[in-house]
Every structure is written in structure tokens, then in C-alpha cells.
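Notes to accompany the following structure.
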Amino acid sequence: MKKILNLVLSFGLTGMLVACSNVKNPENVAQEYVTAAYKGDSEKMLSYIYIPENVKAQAGSEEMIQGKIKAGAAKAKEQAERKGGVKEISVVDKNIDEANGKGRVTIGVSFKNEGSNSVTDRVKLIKNEDKWKVDL
């Protein structure tokens, strides 16, 4: 009986550790958002964006946001392809205010082609329902 209890507890602790490791900090959210942009993955980008309820209530606003994100993702992907693809995406700087649930993360993007200029993207973040989201 004691062995079974230990086994159940160890599975429970393992499950909790796995679940906690999926918690995304603001730096991860910003980095994954920018990565999705340079891959042209507008759907993933949209999953990271915070859209306030008052904006959602406005007719056509979500469609407009989706259209702008799709266009931005296509442009970022085209830029990455012109520069030989993305070499590295990393956090350059961060300013996180946990108490107020706001932050800014600067992401550096370098490309594979020699001589291609690196770029930085500043991502504004907001904490909503205990999750960090991109605040447009």
C-alpha cells in the first residue's frame, strides 16, 4: 500500500512540475511572438495578443486586427527570407513590472546572410488572467 501511495505521489509531483514548466514568462511570450512573426505564423501571433473586451465589441475590429497581423507576419517572413533566414532570436532587454502586470521586452533578431543588419523589436506586454499577452 505504501509503495502504491509513493507511486501516486511521484506521478502527481511529476505532473505538477510539467504543468509549471509550461508557464510562460513575459520574455518567453515576447520571444515566441517575434519568432512566429518571422515564420509568417499569424495564427500563433494572434494567440499571444491581448484584445480588450471593449475592442472585441466593436464591429469588425477583430477582423481588422487579424488582417494587420497577417500582413505584418507576411512582411516579416519575406524580410527573413531575403536575409537568408533567421539565425537567432534573443532577449536583449526587459523591463517588467509584475506588480502592475505590464512590461516591455526588447528582442534582437539576427539573420543568416553575412552583412545583413540585425533588427530589434520592442514588445509591449500586459498580464491578463495570470497570462502574459502582447499589448498592441
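Numbering-wise, the sequence shown is residues -21 to -1, 1 to 115 according to mature numbering (1 follows the signal peptide of the UniProt record, and there is no 0).
Glycine included, each C-beta is placed from N, C-alpha and C at the ideal position.
No experiment lies behind these values; they were computed from the predicted model shown.
Check this for me: beta carbons of valine 113 and aspartate 100, under 8 Å apart or not?
In the sequence shown, counting from the first residue as 1, residue 113 sits at position 134. In the sequence shown, counting from the first residue as 1, residue 100 sits at position 121. Cβ atoms of valine 113 and aspartate 100: not closer than 8 Å.
Taking 7 Å as the limit between beta carbons, can you name the residues of its chain near alanine 16, skipping five residues before and five after?
Against the sequence shown, residue 16 aligns to sequence position 37. Cβ within range, chain order: Met24, Gly51, Ala52, Ala55.
Excluding sequence positions up to five away, which residues of its chain have a Cβ less than 7 Å from the Cβ of glutamine 45?
Counting from 1 along the sequence shown, the entry for residue 45 is found at position 66. Leu25.
Mark serine 21 as exposed unless 16 or more other C-beta atoms lie within 10 angstroms of its C-beta, in which case mark it buried.
Looking up residue 21 in the sequence shown gives position 42. Buried, since its Cβ has 16 or more Cβ neighbours within 10 Å.
Between the CA atoms of leucine 115 and glutamate 32 - distance to the nearest angstrom
Your numbering for residue 32 matches position 53 in the sequence shown. Your numbering for residue 115 matches position 136 in the sequence shown. The straight-line gap from Cα to Cα measures roughly 14 Å.
Can the beta-carbon of isoleucine 30 be found closer than 8 Å to that of glutamate 41?
Taking the first residue of the sequence shown as position 1, residue 30 is located at position 51. Taking the first residue of the sequence shown as position 1, residue 41 is located at position 62. Cβ distance < 8 Å, so isoleucine 30 and glutamate 41 count as in contact.
Per DSSP, which one or two residues make a beta bridge with residue 118?
The structure shown does not extend to residue 118, since the chain is modelled only from -21 to 115, so the question has no answer here.
Using beta-carbon positions only, say whether isoleucine 68 and valine 8 come within less than 8 Å of one another.
Reading the sequence shown from its first residue, position 89 is the one you call residue 68. Reading the sequence shown from its first residue, position 29 is the one you call residue 8. No, these two residues do not count as a Cβ contact at 8 Å.
Check this for me: beta carbons of valine 71 and isoleucine 86, under 8 Å apart or not?
Within the sequence shown, numbered from 1, the residue matching residue 71 stands at position 92. Within the sequence shown, numbered from 1, the residue matching residue 86 stands at position 107. Result yes, Cβ atoms of valine 71 and isoleucine 86 sit closer than 8 Å.
Within 8 Å, strictly: CB atoms of lysine 66 and phenylalanine 90:
Start at 1 with the first residue of the sequence shown, and residue 66 comes out as number 87. Start at 1 with the first residue of the sequence shown, and residue 90 comes out as number 111. Yes, the Cβ-Cβ distance between lysine 66 and phenylalanine 90 is below 8 Å.
Can you give me the C-alpha to C-alpha distance between glutamate 60 and glutamate 11, rounded to a whole angstrom?
The residue given as residue 60 occupies position 81 in the sequence shown. The residue given as residue 11 occupies position 32 in the sequence shown. If you take the alpha carbons of glutamate 60 and glutamate 11, they lie about 18 Å apart.
Just the Cα atoms here: how many angstroms apart are glycine 19 and lysine 62?
On the sequence shown, position 40 is the one that residue 19 refers to. On the sequence shown, position 83 is the one that residue 62 refers to. Each residue's Cα considered, the two are about 15 Å apart.
Assigned secondary structure, leucine 104 (DSSP; H/G/I helix, E/B strand, else coil):
As a first step, residue 104 is located in the sequence shown; it is residue number 125 there, counting from the start. Strand, per DSSP.
Using a 10 Å radius around the Cβ and a threshold of 16 neighbouring Cβ atoms, would you call aspartate 110 buried or exposed?
Stepping through the sequence shown from its first residue, residue 110 is reached at position 131. The question names aspartate, but residue 110 is lysine in the sequence shown. Answer is exposed; the Cβ neighbour count stays below 16.
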